[in-house]
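Trainee: One structure coming up, written as structure tokens, with questions to follow.
2 protein chains.
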Amino acid sequence: MSYDKLIEVSGRVNDLLNAGSILSWDARTMMPKGGSETRSKQLATLAVAARDLLCSDEMKRALDGAEAEVKGRAEDSPERRIVAQVREAIDYHERIPSELLRRKTELGSAGHDIWAEAREKADFSIFAPALKTMVEISREMAEAIGYEEHPYDALMYRFEPGTTTAQLRTLFSRLREGMLPLVRAIAEAEQPRSDFLYRNYPVEAQMGFALKMAERIGYDLDRGRLDTTVHPFEISFTRNDVRITTRVNPAYMPMSLFGALHEAGHAMYEQGADPAYVRTPLATDLVGLYAVSGVSFGAHESQSRLWENHVGRSRAFWENHFGEIRAAYPGTLDDVSATEFYRAINRSRPSLIRVEADELTYDFHIMLRVELESRLIDGSLSVEDLPEAWNAGMKDYLGIEVPDDAQGVLQDVHWSSGQIGTFCNYTIGNIMAAQLFETAVTADPGIRTALDGADYAPLRGWLNQHVARHGRRYSRDELLVNATGRALDPEPYLRHLTSKYSEIYGLAA
Amino acid sequence: MSYDKLIEVSGRVNDLLNAGSILSWDARTMMPKGGSETRSKQLATLAVAARDLLCSDEMKRALDGAEAEVKGRAEDSPERRIVAQVREAIDYHERIPSELLRRKTELGSAGHDIWAEAREKADFSIFAPALKTMVEISREMAEAIGYEEHPYDALMYRFEPGTTTAQLRTLFSRLREGMLPLVRAIAEAEQPRSDFLYRNYPVEAQMGFALKMAERIGYDLDRGRLDTTVHPFEISFTRNDVRITTRVNPAYMPMSLFGALHEAGHAMYEQGADPAYVRTPLATDLVGLYAVSGVSFGAHESQSRLWENHVGRSRAFWENHFGEIRAAYPGTLDDVSATEFYRAINRSRPSLIRVEADELTYDFHIMLRVELESRLIDGSLSVEDLPEAWNAGMKDYLGIEVPDDAQGVLQDVHWSSGQIGTFCNYTIGNIMAAQLFETAVTADPGIRTALDGADYAPLRGWLNQHVARHGRRYSRDELLVNATGRALDPEPYLRHLTSKYSEIYGLAA
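As given, the protein sequences belong to chains A and D, one line each in that order. For the first sequence, position 350 (counting from the first letter as 1) is numbered 350 according to UniProt numbering, and the numbering increases by one without interruption. For the second sequence, position 8 (counting from the first letter as 1) is numbered 8 according to UniProt numbering, and the numbering increases by one without interruption.
Here it is as structure tokens:
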């Protein structure tokens, strides 16, 4: 059967991509510094080998045969979806000229050092010429990939298929309308105390407690492990080996804890995929050439945000676990109540740096970046004018002045490698997380009761049933419609933020 | 130029093989247990991809052109050697029918569990049928690969190219003649005290001291790292990232220390390869499909044995470092002198288990295995008669009775995966180590003076000059002849053992 052949070849594609992921994990956690030069060559060879195998004559012959073989199956059967996704991925890759890809890759590796120097010197003009070329190449990419309305749609396709710039503009405008009053009211309100978060929290104890909580919510350590890195991340090498990292600051405890809960949320998405999908295209992003079971970056982020924010930062969670965190750091939290702790880890205030932003202000960082990126791509904003537009946006959205480019337009690494079109996933994840969580606790009131009793299995079960187990079988919107009855809807998220922050800051309804 | 193309393609072969090595390292050090099933599929895919790329039309076209292009170069120029090695490797792989390779691989993965059960139950009859099939397949492999005198020569080719069974018989007979009198005299002599090696040595302190000593002799940590595993090993991902492991027994200290020195010796071979050879066939075993710069398993072992035994177990080493080891374990070695320590770590007595054998008796374990393997392959010994032959050999060589198969014929993992032909490298390594060391300290007396002063740089420099930097450019025997004026010669090794053990045990000259 050609279909079996297709499964066999795509299994090898998955193996090569997973090998690349293992090499990346190693490079970020274990590799001695000398290894970086040859490691990047090894990664490049694996990526090219995976793409070549995907687009090989062997695969194409199998695909032609398989399309005929599965014609009689239901449109949403795993077999039909697998065949369709392989076809779609080959078409995608063959639309991009290899010469363009080569230019993008070369610029990407050169870009990091230029960006790092610019950030070091807080001088955007050092990075501007490279960014200009990135934007030009990204426009060429968008033209090659194709789009209906806006060239930025083509760039988002790899990360968030089906999402359009027009859609985001509508969503973001509704979010701003609902969130800005909260941000402004909090600016007038009294801040809860948070001094105790900055005490001395030994590194070992932090790692131990973070891992304990990650396990408690359901991260399976027989198929995972926790390490420390500068930036926390999750990465999987099939559902059987899904690793997370967190970062530890001995003088500020929340980082390690919420980093671990966040990444554990990502990890449970991967660990929960149907075992039958292992090594198949339903556990492989063949367009992005990344061995992942999650169906989009936004869907992935929905799971990390849900566990971090809706569970880990909830009042019930700390009513249940405050005694444990007190015991983990003997003497450190004796003068603190569970309520004070809960309010401290949820305090909100506008800040300059995206990765340090709180739950409420985070999306403004994203909305700004998406708006600027899309305007760079459609030509309505020039690279020269970018810092000014950035600073104006920060002032407009969050009311803060940007002191220099390093703390402004140069803060994120993404553009240095030409990665444009990915930021939207964070806000889509927030919206999805609230929509799924609200549906879950409404559909099954036992889930809320269980959470109140520190039992995370019912919620995990619901999420597995409606999200994780499907891997990449359904699109993000299909998943949402099947689970919640509707596509992306910002209202549950706004309800969540309004109710949570009104209560914490005692805002008038 | 076709030659440039050949270098480019073989660079990618090297990348794929290194990726496999990284996945193997991870599987042995970091991987959660859930990962093993898909990990073995990933490893298989990488190995097949590397072999397919090596034997691809792309490579063959480049090779045909390159052979013509380098014709005018010196026979031992890197370019001529590279081209010759690619040709040789393609010929080698194409001689082995893929159906035979498939049978060997399948049996190899099934064999491990059967062997483990047999060893667990100390019952050879459980393993015998699988071993019989292994032997048959190995004979088929030998016929496919080809040989002049003995089918076992064909099996050794992958590990120790050019070595013949006839050669080994002569070497081994001379070794036995020189070593047996020592073993027998020691059996009559008084053993030095060694009680203090079995005290409580905290794991952290052991790892710290082992790493410190590995660094002291020259292991470069900017391009390496030390971890713990059940069996120590060294593995490289180009010369820029060469890692070692050791094992730690809190109740017996020498394991971690000498394990680390041994593996550091291997590692310095890889770290010392000419940077110009990185990712080329001079840093890739294209026959064995293993990304390594060492020219044979025996040559590799010569470097680990040299640093472990000729340096790390020398009297001078402990006259210099005994104060440091005392300080590393406060209070533990207060009643011990440097001389007592030196004698304890060098005590010799016949034992059952190869991996625990001392410097003097180790080779008898090897000679026995090589003899039995070669007779299994030429049919002069049947699998049924193997345990009896094993036990008789242990009695004959070392004068000890084997209590059961688990401590006898079933002790090593190698045969379970069909690995036959590799054991000789350990004894070849011992012989080479002594030959190189004796030449080094004779040719440059400053090396000995430096060692006496705990300065390891001159010896390292000499070894790098004569061994490591050449990578796979010269064959093992070419290396030896260039460095010492002659091929494999057992006399320096016998002189070393005789002088060392006569002194330690006060034997008559």
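Just so you know, even glycine gets a beta-carbon here, dropped at the ideal spot from N, CA and C.
1) Along the alpha helix (DSSP H) that carries Thr-228/D, what are the first and last residues, could you check?
2) Measuring CA to CA, which of Glu-37/D, Arg-139/D, Gln-191/D is closest to Glu-503/D?
3) For Ala-299/D, which residues from the same chain have a beta carbon less than 6 Å from its beta carbon, with the 5 sequence-adjacent residues on both sides left out?
4) DSSP has Leu-236/A in a bridge; who is on the other side?
5) Pull out every residue of the region 33-45 of chain A whose Cβ sits closer than 9 Å to any Cβ of chain D, in chain order.
6) Output needed for Ala-487/A: all residues of its chain with C-beta closer than 8 Å, excluding positions within five of it in sequence on either side, in chain order.
7) Is the shortest distance between the beta-carbon of Gly-224/D and the beta-carbons of chain A less than 8 Å?
8) Say whether chain A places a C-beta atom closer than 8 Å to the C-beta of Thr-361/D.
9) Just to make sure I have the definition right: I need the residues of chain D whose C-beta is within less than 7 Å of the C-beta of Met-31/A. Which are they?
10) Could you tell me the boundaries of the alpha helix (DSSP H) in which Asp-4/A lies?
11) Please report how far the alpha carbon of Val-248/D lies from the alpha carbon of Leu-211/D, in whole angstroms.
12) Could you please give the first and the last residue of the uninterrupted alpha helix (DSSP H) stretch that includes Glu-67/A?
13) Buried or exposed: which applies to Lys-500/D, given that a residue is buried once 16 or more other Cβ atoms fall within 10 Å of its Cβ?
14) Label Asp-4/D either buried or exposed according to how many other C-beta atoms from any shown protein chain fall within 10 Å of its C-beta, with 16 as the threshold for buried.
15) Mind reading off the beta-carbon distance from residue 514/D to Ile-235/D? Whole number of angstroms is fine, and I expect it under 8 Å.
16) If we count Cβ pairs, one from each stretch, closer than 8 Å, do we get three or more for the region 79-97 of chain D versus the region 371-378 of chain D?
17) Can you list, in chain order, the residues of its chain whose CB lies under 6 Å from that of Arg-73/D, leaving out five sequence neighbours each side?
18) Given Ala-468/A, which residues of its chain have a CB within under 7 Å of its CB, disregarding the five upstream and five downstream residues?
19) Quick one, which of Asp-220/D, His-266/D, Leu-368/D has its alpha-carbon nearest Pro-32/A's?
20) Within 8 Å of any Cβ in chain D, is that where the Cβ of Ala-19/A sits?
21) According to DSSP, is Asn-249/D part of a helix, a strand, or is it coil?
22) At 7 Å on the CB atoms, spell out the chain A contacts of Ile-22/D, in chain order.
23) Is the Cβ of Val-278/D closer than 8 Å to any Cβ of chain A?
24) Under 7 Å Cβ-Cβ, which residues of chain D neighbour Arg-12/A?
25) What distance in whole Å lies between the Cβ atoms of Leu-182/D and Thr-498/D, which are believed to be in contact at a cut-off of 8 Å?
26) Since I believe Leu-451/D is in contact with Leu-463/D (beta carbons under 8 Å), could you give me their beta-carbon distance rounded to a whole number of angstroms?
27) Hey, how far is the Cα of Glu-215/D from the Cα of Gly-178/D?
28) What are the residues that DSSP puts in a beta bridge with Tyr-290/D?
29) Give me, in chain order, the residues of the same chain whose beta-carbon lies closer than 8 Å to that of Ala-483/D; leave out the 5 immediate sequence neighbours on both sides.
30) Name, going along the chain, the residues of the region 229-258 of chain A whose beta-carbon falls closer than 9 Å to a beta-carbon of chain D.
31) Alpha carbon to alpha carbon, how far is Arg-199/A from Ile-345/A?
32) Report the neighbours of Asp-15/D on chain A: residues whose CB is nearer than 9 Å to its CB, in chain order.
33) For Leu-282/A, go through chain D and note every residue whose CB falls closer than 7 Å to its CB, in chain order.
34) Can you give, in chain order, each stretch of the beta strand (DSSP E) that sits fully within the region 163-193 of chain A and has at least 3 residues?
35) Cβ of Met-471/D within 8 Å of Cβ of Ala-316/D?
36) CA-CA distance, Thr-228/A and Met-255/A?
Mentor: A quick look at the data gives this:
1) Here residue 228/D refers to the residue found at position 228 of the second sequence. Secondary structure note for Thr-228/D: it is in no alpha helix (DSSP H), and the uninterrupted beta strand (DSSP E) holding it is 226-228.
2) By one-based count along the second sequence, residue 503/D stands at place 503. Selected option, being the one with the closest Cα: Gln-191/D.
3) The residue labelled residue 299/D in the question sits at position 299 within the second sequence. Result list for Ala-299/D: Arg-476, in chain order.
4) What you label residue 236/A is simply residue 236 of the first sequence in a count that begins at 1. Here residue 236/A turns out to be Ser, not Leu, going by the sequence shown. Val-242/A, per the DSSP bridge assignment.
5) Taking 9 Å as the Cβ-Cβ cut-off against chain D, the residues of the region 33-45 of chain A that qualify are Lys-33, Gly-34, Gly-35, Ser-36, Glu-37, Thr-38, Arg-39, Lys-41, Gln-42, Leu-43, Ala-44, Thr-45.
6) As a working note, residue 487/A is residue 487 in the first sequence. Same-chain partners within the cutoff: Asp-477, Leu-480, Val-481.
7) As a working mapping, residue 224/D is identified with position 224 in the second sequence. So yes, Gly-224/D belongs to the interface.
8) To locate residue 361/D, count along the second sequence from 1; it is residue 361. Not closer than 8 Å to any Cβ of chain A, the Cβ of Thr-361/D fails to qualify, so no.
9) Taking the first residue of the first sequence as 1, we reach residue 31/A at position 31. Identification of chain D residues near Met-31/A by a Cβ-Cβ cut-off of 7 Å yields Asp-241, ordered along the chain.
10) Residue mapping note: residue 4/A aligns to position 4 of the first sequence, counting from 1. Residues 2-29.
11) Mapped onto the second sequence, residue 248/D falls at position 248. Mapped onto the second sequence, residue 211/D falls at position 211. Looking at the two C-alpha atoms, the distance is approximately 12 Å.
12) Your numbering for residue 67/A matches position 67 in the first sequence. For Glu-67/A, the uninterrupted alpha helix (DSSP H) segment begins and ends at 57-69.
13) What you label residue 500/D is simply residue 500 of the second sequence in a count that begins at 1. With a threshold of 16 other beta carbon atoms within 10 Å, Lys-500/D meets it and is buried.
14) By 1-based counting over the second sequence, the position of residue 4/D is 4. Asp-4/D is exposed by the Cβ-count criterion.
15) Because chain D spans 1 through 509 in this model, residue 514/D falls outside it and cannot be assessed.
16) Remark: fewer than three beta-carbon pairs, one from each stretch, lie closer than 8 Å, so the region 79-97 of chain D and the region 371-378 of chain D are not flagged as touching.
17) Residue mapping note: residue 73/D aligns to position 73 of the second sequence, counting from 1. Excluding positions up to five away in sequence, the list reads Glu-79, Arg-80.
18) The count along the first sequence starts at 1 and reaches residue 468/A at position 468. Same-chain partners within the cutoff: Met-268, Tyr-269, Gly-272, Ala-273.
19) By 1-based counting over the first sequence, the position of residue 32/A is 32. Out of Asp-220/D, His-266/D, Leu-368/D, the CA that lies nearest to the CA of Pro-32/A is found in Asp-220/D.
20) Your numbering for residue 19/A matches position 19 in the first sequence. It does; some Cβ of chain D falls within 8 Å.
21) As a first step, residue 249/D is located in the second sequence; it is residue number 249 there, counting from the start. Asn-249/D falls in the strand class under three-state DSSP.
22) Taking the second sequence and counting its residues from 1, the one referred to as residue 22/D is at position 22. Taking the beta carbon of Ile-22/D as reference, the chain A residues within 7 Å of it are Ile-22, Leu-23, Asp-26, listed in sequence order.
23) The residue you call residue 278/D lines up with position 278 of the second sequence. True, the Cβ-Cβ gap to chain A drops below 8 Å.
24) Translated into positions along the first sequence, residue 12/A becomes position 12. Thr-45, listed in chain order.
25) Counting from one through the second sequence, the residue named residue 498/D turns up at place 498. Counting from one through the second sequence, the residue named residue 182/D turns up at place 182. About 6 Å separates the two Cβ atoms, so the contact holds.
26) Reading the second sequence from its first residue, position 463 is the one you call residue 463/D. Reading the second sequence from its first residue, position 451 is the one you call residue 451/D. Approximately 12 Å separates the beta-carbon atoms of Leu-463/D and Leu-451/D; this is outside 8 Å, ruling out the contact.
27) Looking up residue 215/D in the second sequence gives position 215. Looking up residue 178/D in the second sequence gives position 178. So the two alpha carbons sit approximately 35 Å from each other.
28) The residue labelled residue 290/D in the question sits at position 290 within the second sequence. The secondary-structure analysis by DSSP pairs Tyr-290/D across a beta bridge with Asp-285/D.
29) Here residue 483/D refers to the residue found at position 483 when the second sequence is read from its first residue. Result list for Ala-483/D: Leu-436, Thr-439, His-466, Val-467, in chain order.
30) Answer set for the region 229-258 of chain A: Phe-237, Thr-238, Arg-239, Asn-240, Asp-241, Val-242, Arg-243.
31) Sequence index remark: in the first sequence, residue 199/A carries index 199 (1-based). Sequence index remark: in the first sequence, residue 345/A carries index 345 (1-based). Arg-199/A and Ile-345/A have their C-alpha atoms spaced approximately 14 Å apart.
32) In the second sequence, the residue the question calls residue 15/D occupies position 15. Taking the beta carbon of Asp-15/D as reference, the chain A residues within 9 Å of it are Thr-38, Lys-41, Gln-42, Leu-43, Ala-44, Thr-45, Leu-46, Ala-49, listed in sequence order.
33) Looking up residue 282/A in the first sequence gives position 282. What Leu-282/A touches in chain D: nothing, since even the nearest Cβ is about 15 Å away.
34) Within the region 163-193 of chain A, no run of beta strand (DSSP E) at least 3 residues long lies entirely inside it.
35) To locate residue 471/D, count along the second sequence from 1; it is residue 471. To locate residue 316/D, count along the second sequence from 1; it is residue 316. The displayed chain sequence assigns Gly, not Met, to residue 471/D. Going by C-beta atoms, Gly-471/D is not nearer than 8 Å to Ala-316/D.
36) Residue mapping note: residue 228/A aligns to position 228 of the first sequence, counting from 1. Residue mapping note: residue 255/A aligns to position 255 of the first sequence, counting from 1. Our two residues, Thr-228/A and Met-255/A, have alpha carbons roughly 11 Å apart in a direct line.
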